[in-house]
Every structure is written in structure tokens, then in C-alpha cells.
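Engineer:
Residue numbers (our numbering): 17 to 966.
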């Protein structure tokens with residue numbers, strides 16, 4: 017397969033070189049529309065173009081991408097078109113399966129600001145709290161915007177908080193909607209994965225995607241327009257597990273099945289196996305139906321028949337009978353696989369963009385839309401031999417599902433015009449995202465038979481309303497002075513709604529919620545006596561104690577200037593003051609400059625300070641459960657930042673992240689060859705970065721009065737907590753990198769053109785300085801849980817730090833060809849493992865503790881896209897193609913491995929001790945890592961698309 021990489025990469029290079037050698041001196045009309053468009057971000061000078069800015073701005077023509085690109089949603093289009101952008105779907109990660117985190121320059125999903133038509137876009141209500149890149153962050157759901165509604169994207173790759181406010185630390189993505197009039201356009205796309213890994217590695221087709229996009233625009237009056245876009249998507253799931261290994265059935269399951277086949281449900285006869293009036297009936301049924309298990313030996317049968325107590329039967333029936341029982345039930349191990357891969361999804365979107373005359377000098381505008389997404393993802397398979405499985409309902413176990421209803425609503429309206437020499441733009445932008453959970457094909461194992469199989473687990477909601485007043489004017493000073501200023505008021509609200517009682521409750525055998533006084537004999541158990549857990553399996557619902565409704569407001573004022581000192585020298589500066597009702601004020605500035613060495617070579621540099629306000633989701637999200645220890649109720653889970661537990665344990669109130677950014681670069685053109693070059697280096701330091709900690713635990717054991725451990729025990733007890741996770745401003749980080757783009761536009765004749773782009777990004781992020789921790793937790797030896805080794809990997813190495821793409825778009829008469837190679841660099845898995853095969857998991861002493869630091873590293877891969885389109889007429893075009901043409905997968909995960917792990921000896925020195933085998937595949941289910949991936953794990957995708965226009 018490596019030879020295929022080399023061949024396709026060589027073909028792309030040859031395309032590129034041949035284009036450079038034979039270039040004409042005039043760009044195509046389509047290229048001019050993109051490269052020379054007047055940009056709306058990075059500069060408030062409305063006459064500024066992307067190649068003339070003091071900071072890097074990429075302009076991506078989504079209209080052309082949506083015709084040839086195999087990618088169908090905005091996140092994936094950007095993932096392949098913009099090397100600085102990273103986004104991948106996750107699997108078995110609860111709500112994050114339905115909202116893909118997106119990152120710019122390797123920073124967090126919440127450190128890039130998204131605008132729609134230049135107006136601030138609201139974020140998702142979902143906090144990424146599971147094991148995936150972007151853990152602990154809240155991003156903007158770009159996929160809520162249909163790609164077919166977009167004319168272009170402007171990606172500002174530079175800190176811009178002084179210009180646009182919170183979140184713009186890594187940069188800004190501005191989505192510009194279509195303005196087409198007197199035209200109807202449609203795209204019908206169908207595709208699926210045709211891969212060696214499809215259908216749990218049996219091959220064939222799976223993961224079908226079917227999408228219909230419609231766009232229509234018409235004029236309003238003389239100068240106005242209104243443009244509508246509708247999009248419908250149906251996406252099937254993919255499966256990339258292999259045959260489940262490990263124990264599935266025990267002997268009790270076998271007898272239970274024979275009884276069920278004869279109309280007797282043994283497991284429905286008891287809540288607690290040691291406290292039931294049906295003890296003798298259960299024993300009798302076991303004696304009656306055990307002989308029907310044909311593979312039991314004569315001795316086993318005799319032992320069962322002679323057993324006269326539940327305890328005797330428990331000892332006999334806990335043995336593994338998986339292979340024989342699979343054969344009897346005509347099942348295979350594949351029937352117990354998890355659904356690892358792409359989640360199921362159905363979505364509908366409707367968006368509108370408009371502008372119209374209110375008078376001869378005032379224009380009004382309105383835009384926005386609604387997106388509905390019905391998602392379905394699965395969790396870990398609940399096997400029949402596990403105490404969390406209600407075999408009275410699911411004799412073969414079950415695969416619980418998280419069904420999500422995600423509604424994203426936005427609407428912006430305003431008016432703009434000119435008063436004298438001053439342009440003004442007054443607007444109001446509303447956005448709301450709701451995320452409701454329904455847990456299906458599941459059970460609350462503590463409920464009495466027949467229980468329930470579907471639960472309303474509650475939901476999340478985030479609302480944002482932003483009022484803007486923006487002004488700009490040009491002053492005739494030197495070679496031109498552009499001054500922009502304005503203000504903003506923003507109102508935000510975050511809600512958690514609790515689920516139904518059965519979704520979160522832990523019941524006793526009488527159907528009452530357990531309390532600290534609930535005795536062991538009233539707690540539900542399985543047949544073997546293991547205590548059953550409460551709540552809907554895979555996702556326990558939000559409890560009434562978790563429900564909340566919190567809000568805040570902020571106001572801001574800014575000034576943003578650009579001065580052309582000479583024809584060659586541009587200097588810009590911006591200042592912004594912002595005040596938040598919950599944490600106070602922040603003041604930021606930015607200076608940038610561009611100098612034209614020649615008409616074709618520009619030097620540019622920028623320095624700015626920035627900030628990111630902690631989101632309401634990070635401040636208030638909480639999801640806790642009750643745990644009973646020694647008859648005492650303790651809370652465990654994620655506690656809100658303003659909780660009593662946070663205060664007692666010394667977790668301070670969240671405050672803003674603060675950044676300092678520096679960048680320097682150059683742009684160059686070679687008109688004779690139609691070549692442009694841009695190279696930019698950057699350095700970003702972020703103070704007080706918000707992270708989601710690992711779990712802090714109440715120290716076990718007995719300690720002397722006054723010792724740190726004893727003090728921490730007292731604090732946990734006072735907080736009524738046993739284990740706790742928090743959001744905290746725990747670390748400072750630095751990110752540095754280099755980005756380069758070489759573009760060529762060649763037009764050889766009216767019917768023959770070739771556009772090529774080579775883009776490369778290299779970055780590195782790491783923590784600097786000490787962890788900002790609570791004295792009580794640090795002194796008790798829990799500092800490493802503030803920013804654990806796995807958290808370090810997620811932040812620093814879980815997304816590609818080297819990424820390169822070579823795009824070639826060839827047009828020959830009525831044919832269009834897209835050939836794209838994207839290299840996704842290596843990533844590190846947050847799990848620890850003996851990756852070098854020496855029998856130990858290497859470690860280090862960190863903050864006085866032995867910490868495993870050896871991780872799998874998944875190697876870089878080249879992914880090739882190829883699409884071919886033919887224009888049958890002005891109104892009909894057909895495109896066929898492939899993403900991941902050569903069916904490339906990430907490196908395979910590590911299966912069960914016997915290891916030694918790091919520990920401290922009596923002298924405090926590092927040593928290695930035997931430990932339980934590590935299995936990163938989770939019994940053959942995660943063939944590829946679920947915690948990080950450069951490009952997903954679904955293999956080759958083939959598609960066909962019809963574009964219609966009238």
C-alpha cells in the first residue's frame with residue numbers, strides 16, 4: 017500500500033510541476049472570485065483583499081468544494097481543505113458522537129470564534145466530557161449550517177479577541193452565505209463505505225449517506241435579494257469492531273434460557289436473590305430446566321440436582337459456558353459486538369439569507385435558520401453474564417443506544433447605511449442550541465420486572481442574544497486611515513433539564529429510591545448476588561439536583577484602525593474593553609503591520625492579547641450520582657464550578673483565559689507563473705487555561721490528625737462527596753507553529769485549466785509552568801489529577817501536529833477532476849501501553865508519584881480523494897468519486913498484553929511491578945483507537961452526485 021501512496025503523491029506533484037511550467041499569465045474568472053474577493057474578517061477596511069492583509073486569511077470557495085468534494089458536511093470539508101483545521105467524528109463518546117469537535121491551530125474547539133455573515137454564532141449546549149480531543153471544551157456546531165447555503169469561508173489564522181471578542185484566540189471562521197438570485201440549484205448525493213473493514217470487517221457496503229440540497233434565490237425590489245437553502249440528510253451507522261472476545265454466558269444464563277423457552281422467566285421472580293419469597297420456586301425451576309442444557313456433563317447435572325440452596329447453585333452456575341451456549345442459541349460472537357464507527361443520523365435544515373432596501377440610503381438584512389438532528393449512537397454491549405444486564409428483559413444482553421434530538425435555531429436582523437462619511441451597521445443576533453437525550457434499548461437494572469426499555473434522560477440548552485452597533489469611516493490622512501468602532505451587548509443562558517425519575521434513580525426491591533438506611537437485603541442483585549446499578553444503562557439521566565437555569569450578560573466597546581502610512585506600509589491597531597457580569601472585565605489590544613518590499617512581496621507581523629470567557633456550560637455543568645459507603649450517602653461525578661464541593665476543596669471560581677499571540681510571515685507572487693506563496697509563523701501563550709480535571713478521590717485509610725490526607729478527608733466529608741471532577745483554570749500552555757501555502761492558477765486555454773494548492777502546517781502545544789492547584793488537594797498528593805498524563809496527551813498530541821495537503825483541480829472542456837492528497841501526521845493515544853514490546857509500560861516520577869508515560873503512537877497516513885465530474889449541460893452535472901480511495905485505516909490497536917507498570921519502592925525510587933494485562937481493544941471491539949484518530953476509521957467512501965441548476 018505504501019507504493020500506492022508514492023504513486024498518487026508523485027502524480028499530484030507532477031500535476032503541480034507541469035502546471036507551474038506551462039502557466040498562462042491570466043487567472044481564471046472562478047479563481048478571481050475567490051482570491052481577490054474583498055474580505056470581511058481580519059480587517060474592517062471594506063476594500064481589503066485577502067492577499068493584502070497584515071494577518072493570514074484563507075478564503076475557501078465552498079460552492080466549488082460542494083460540487084466535487086467527497087465530503088458532505090462543513091466540518092469534514094474544512095478538515096480536508098484547510099490543514100490548520102482539525103475535526104473528526106468520535107465513537108462511543110456519548111453526546112460527542114453527534115456533535116463533532118473542531119479545532120484550529122491545534123487549540124481547543126472553544127478557542128476559535130465562528131461568525132455567520134460577520135455576526136457571532138452561538139456555541140453548542142454540549143460539553144465534551146468524554147475521552148476525545150477537545151475534552152472539557154464547548155465548541156460551535158458547524159454542521160448545523162448546511163454547506164449548500166454557503167458561498168465561501170474566510171478563515172482568519174491569527175488571534176483577534178481585540179477585534180471580535182471572546183474565543184478568538186486561535187482565529188476566526190466567518191461563514192458567508194449565498195446571495196444568488198433568479199436561480200434554482202439542487203444537489204443529490206448518495207454514497208456509502210465500500211471497505212475491507214465494513215460490517216465488522218466482513219467487507220461489503222455500510223454507512224450509507226443520502227443527501228438532498230436545494231437552493232433558490234430571487235430579487236427583492238431593485239437591489240435586494242432573498243436566498244433559501246434546504247438540506248435533508250440520512251446517514252446510516254458503520255461497524256468497525258471484530259468478533260467479541262471474552263466470557264458472555266454463564267451456566268445460569270443457559271438454564272434461564274431453557275426456562276424462558278417454556279414460558280418461565282426465572283429472573284423476574286426475584287429482586288434480591290437472598291431476599292425473596294420465591295426461593296424454593298427458583299430452585300425448583302433450576303432443577304426442572306437444567307436437564308435441558310444438553311452440554312452440561314453428567315457430574316454437573318448431578319451437582320445441580322443435589323443443590324438445595326441458592327448459595328450452592330450460585331457456586332455451580334457461575335461457570336463460563338459461552339461457546340456451547342452460542343451454538344445452542346445459533347448466535348455468533350459478532351452478535352455481541354459494539355457499534356463502533358459512524359453514528360446514525362437524520363437531519364433537516366432550512367436557512368435564509370436576505371438583504372433589502374428600507375429607504376434610498378438604508379438597507380435592511382435578515383438571515384438565519386433552523387437545524388434538526390436526530391442522532392443515534394450506541395454504548396458498550398451489556399452481556400448476559402453481567403450484573404448490569406436485566407436478563408429478564410434481554411436474555412441475550414443488549415446494546416444500549418443514546419438517541420439525541422439536537423435543535424439549532426438562529427436568526428439575525430439589522431439595518432445598515434451611511435450618515436455623512438460614517439458607515440453604520442446595527443444588528444441583533446439570536447441563537448439557541450438544545451440537546452435532548454432519549455436512552456433506548458436499555459434498562460434500569462434496579463427496577464422490578466418488567467421495568468422500562470426507553471427513558472427520557474433530560475437535556476441541555478444554551479441561548480445567546482447579541483446586539484451590535486458597528487461604525488466605520490475613512491479619513492484622508494497620509495495614504496488613507498480607516499477607523500472602525502462600536503459596541504456589543506450579549507446575553508447568555510444555560511439550562512439543564514432533569515430526566516424522568518427512572519432514568520437516574522437507584523431503586524430498592526420495593527420500588528423505592530435507595531437511601532443511606534437501605535439495608536443490603538433490599539438492594540437489587542443478579543442471580544449470583546452482585547448488586548445491580550441504577551439509572552438507565554449507558555447514560556443515567558440528569559437528576560433534579562443537576563437541573564439549573566443560569567444566565568449572564570456582557571458589554572463591550574472597541575476601536576479598530578488601519579493606516580496606510582505609505583503606499584507600501586500598512587499599520588493596524590485595535591483595542592477592546594469587555595465586562596462580564598460573572599467574572600469582571602478584560603482589556604485587550606492588537607497591533608499588526610504589513611510592508612510591501614516589492615509589488616509582489618509582502619512582509620507581515622502581528623502581536624495581540626486575547627481572552628476567552630469561561631462558558632456557562634463549563635461553569636455550571638454538573639452530572640452527579642449518589643454512592644453509599646458504609647451506610648453514608650456520598651456524591652460522585654462532575655460538580656459545577658460554583659458548587660459547595662468546589663468551594664470546600666479549594667477550586668476557585670473560573671476566570672477568563674488570557675492569551676498573548678505573536679505572528680510573522682510573508683506573501684509573495686510570481687505573476688508570470690501564476691504562483692502565490694504565503695508562510696506564517698506564530699506563537700501563542702495562554703494563561704489560566706480551563707481544563708476538566710480527572711477525578712479527585714477521598715483518601716482511603718486512617719491518617720494522623722493534621723496530616724494533609726486527614727484534612728482532605730474532612731473536606732470531602734463536609735462536601736458530602738467521595739469523588740469529584742471539576743472545571744478549573746489549571747494550566748498555562750504555549751503553542752507554536754508554522755503554516756505555508758503555495759497556490760498555482762493555470763489556464764492553458766478556454767477549455768483547459770489547472771488549479772493547485774500545497775498547504776502545510778506544523779505545530780506544537782505544551783504546558784508551561786506549574787499546575788494551578790488547590791493547596792488541600794496538592795498537599796494530599798492529588799496534584800497529578802488536575803492535569804493528568806492522559807489530559808496532557810489530549811491537549812498536546814492527540815491531533816496531528818503535522819498536516820499537509822496537495823489539491824489539484826483540473827478542468828478539461830466539460831470534465832472536472834479533483835485529485836487531493838492529505839497527509840495526517842502521527843498522533844499519540846492517551847492510553848498507556850507497552851508500545852515498544854519490552855514487557856513494561858515505561859514511566860516517570862511526576863510530582864512524587866509513579867506515572868505511566870508510554871503510549872501508543874499511531875503513524876501518519878496519506879488519504880487520497882479522487883472525483884470526476886462531467887457537465888452534460890448548463891443545468892445538469894454528474895460527479896462520481898471517492899474519499900480515501902485506497903481504503904487506508906489507522907494503525908491497529910493493542911490487544912491483551914501482559915505488562916509491568918511503574919511504581920515506587922520503599923525508598924521512593926521508580927520500579928516496575930506485575931499488573932493485570934492491558935487490552936486497549938476492549939475485547940476486540942476497538943480495533944482502532946476510539947480516543948484519537950487523524951481521519952476516522954471508516955475506510956473508503958464512494959459517492960455519486962447530481963447537480964442541477966435552472
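For every residue, glycine included, the Cβ atom is placed at its ideal position computed from N, Cα and C.
#1: For residue 415, collect the residues of the same chain with a Cβ closer than 6 Å to its Cβ; drop the 5 residues on either side in sequence, then sort them by chain order.
#2: Would you grab the beta carbon distance between residue 286 and residue 298 for me? Rounded to a whole angstrom, and I think it's under 8 Å.
#3: With burial defined as no fewer than 16 other Cβ atoms inside 10 Å of the residue's Cβ, what is the status of residue 874: buried or exposed?
#4: Drop a sphere of 10 angstroms on the beta-carbon of residue 445, count the other beta-carbons inside from all chains shown, and report buried for 16 or more, exposed for fewer.
#5: Excluding sequence positions up to five away, which residues of its chain have a Cβ less than 7 Å from the Cβ of residue 485?
#6: Should residue 561 go down as buried or exposed, given a rule of 16 or more other Cβ atoms within 10 Å for buried?
#7: Can you name the residues that DSSP bridges to residue 754?
#8: Since residue 216 is in the alpha helix (DSSP H), which residue starts that stretch and which ends it?
#9: What number of angstroms, rounded off, separates the C-alpha of residue 423 from the C-alpha of residue 162?
#10: Given a threshold of 16 other Cβ atoms within 10 Å of its Cβ, counted over all protein chains shown, does residue 939 qualify as buried or as exposed?
#11: Among residues of its own chain, excluding the 5 on either side of residue 281, which ones have a beta-carbon nearer than 6 Å to its beta-carbon?
#12: Report yes or no: do three or more beta-carbon pairs, one from the region 237 to 253 and one from the region 511 to 529, lie closer than 8 Å?
#13: Classify residue 68 as helix, strand or coil using the three-state DSSP reduction.
#14: If we count the other Cβ atoms within 10 Å of its Cβ and call it buried at 16 or more, is residue 392 buried or exposed?
#15: Could you name the residues that DSSP lists as bridge partners for residue 500?
#16: According to DSSP, is residue 195 part of a helix, a strand, or is it coil?
#17: Exposed or buried, what is residue 11 when buried is set at 16 or more other beta-carbons lying within 10 Å of its beta-carbon?
#18: Starting from residue 415, trace the alpha helix (DSSP H) in both directions and tell me its first and last residue.
#19: Determine, for residue 524, whether the minimum Cβ-Cβ distance to residues of chain C falls below 8 Å.
#20: How many Å lie between residue 777 and residue 962 at the Cα?
#21: Using the beta-carbon count (16 or more within 10 Å), is residue 890 buried or exposed?
#22: Less than 8 Å between C-beta atoms, sequence neighbours within five positions excluded: which residues of the same chain meet that for residue 263?
#23: Considering only residues of the region 817 to 894, which uninterrupted beta strand (DSSP E) runs meet the minimum length of 3 residues and lie entirely inside it, listed in chain order?
#24: Mapping DSSP to helix, strand and coil, what is residue 783?
#25: Do residue 140 and residue 157 have their C-beta atoms closer together than 8 Å?
#26: So, at 7 Å on beta carbons, what are the nonlocal neighbours of residue 253 in its own chain, with the 5 sequence-adjacent residues on each side left out?
#27: Of the residues 68, 57 and 56, which one's Cα is nearest the Cα of residue 580?
#28: I want to know whether the region 197 to 216 touches the region 119 to 131 - three or more CB-CB distances under 8 Å.
#29: May I ask you to list the residues that DSSP assigns as paired with residue 769?
#30: Can you name the residues that DSSP bridges to residue 813?
#31: Would you kindly work out how many angstroms separate the C-alpha atoms of residue 526 and residue 405, rounded to a whole number?
#32: What distance in whole Å lies between the Cβ atoms of residue 167 and residue 1, which are believed to be in contact at a cut-off of 8 Å?
#33: Helix, strand or coil for residue 539? Go by DSSP, reduced to three states.
#34: Just to confirm the assignment, what range does the beta strand (DSSP E) spanning residue 636 have?
#35: State the DSSP-derived secondary structure class of residue 73, mapped to helix, strand or coil.
#36: Measuring straight from C-alpha to C-alpha, what distance separates residue 679 and residue 688?
Structural biologist: Taking the structure as given:
#1: Excluding residues within five positions, the ones whose Cβ falls inside 6 Å are 394 and 397.
#2: Indeed they touch by this definition, with Cβ atoms about 7 Å apart.
#3: Its Cβ being crowded by 16 or more others within 10 Å, residue 874 is buried.
#4: Counting every other CB atom within 10 Å of its CB across the protein chains shown gives residue 445 a total of 16 or more, marking it as buried.
#5: Non-local beta-carbon contacts of residue 485 in its own chain, meaning distances under 7 Å to residues more than five positions away in sequence, involve 442, 502 and 503 in chain order.
#6: The residue is exposed, with fewer than 16 neighbouring Cβ atoms inside 10 Å.
#7: DSSP links residue 754 through a beta bridge to 697 and 778.
#8: For residue 216, the enclosing alpha helix (DSSP H) stretches over residues 214 to 217.
#9: About 14 Å.
#10: Classification of residue 939: buried, given that the 10 Å Cβ count is 16 or more.
#11: Scanning its chain for C-beta atoms nearer than 6 Å, with the 5 sequence neighbours on each side dropped, one finds around residue 281 the residues 408, in chain order.
#12: The region 237 to 253 vs the region 511 to 529: no contact.
#13: It is helical.
#14: By the 16-neighbour rule on beta-carbons within 10 angstroms, residue 392 is buried.
#15: Beta-bridge pairing links residue 500 to 488 and 576.
#16: Residue 195 falls in the coil class under three-state DSSP.
#17: What the structure shows of the chain is the stretch from 17 to 966, and residue 11 is not part of that stretch, so it cannot be assessed.
#18: Boundaries cannot be given for residue 415, as no alpha helix (DSSP H) includes it and DSSP labels it neither H nor E.
#19: The displayed structure is made up of one protein chain only, and chain C is not part of it.
#20: Going from the Cα of residue 777 to the Cα of residue 962 covers about 34 Å.
#21: Exposed: under 16 other Cβ atoms inside 10 Å.
#22: Closer than 8 Å at the Cβ level, and outside the excluded window around residue 263, lie 336, 338, 399 and 401.
#23: Segments of the beta strand (DSSP E) lying fully in the region 817 to 894: 818 to 828, 831 to 840, 859 to 862, 865 to 868 and 877 to 889.
#24: In this structure, residue 783 counts as strand in the three-state DSSP scheme.
#25: Contact annotation: residue 140 and residue 157 have beta-carbon atoms nearer than 8 Å.
#26: Answer for residue 253: 223, 355, 357, 358, 359 and 360, listed in chain order.
#27: Selected option, being the one with the closest Cα: 68.
#28: Flag = no, the region 197 to 216 and the region 119 to 131 do not touch.
#29: Residue pairing by DSSP places residue 769 opposite 763 and 827 in a beta bridge.
#30: Bridge partners of residue 813: none, in fact.
#31: So the two alpha carbons sit approximately 19 Å from each other.
#32: Residue numbering for the chain in the displayed model covers 17 to 966; residue 1 lies beyond these limits and cannot be assessed.
#33: Residue state, collapsed to three classes: coil.
#34: Residue 636 -> not in any beta strand (DSSP E); alpha helix (DSSP H) instead, spanning 632 to 636.
#35: Residue 73 falls in the strand class under three-state DSSP.
#36: Those two C-alpha atoms are separated by around 29 Å.
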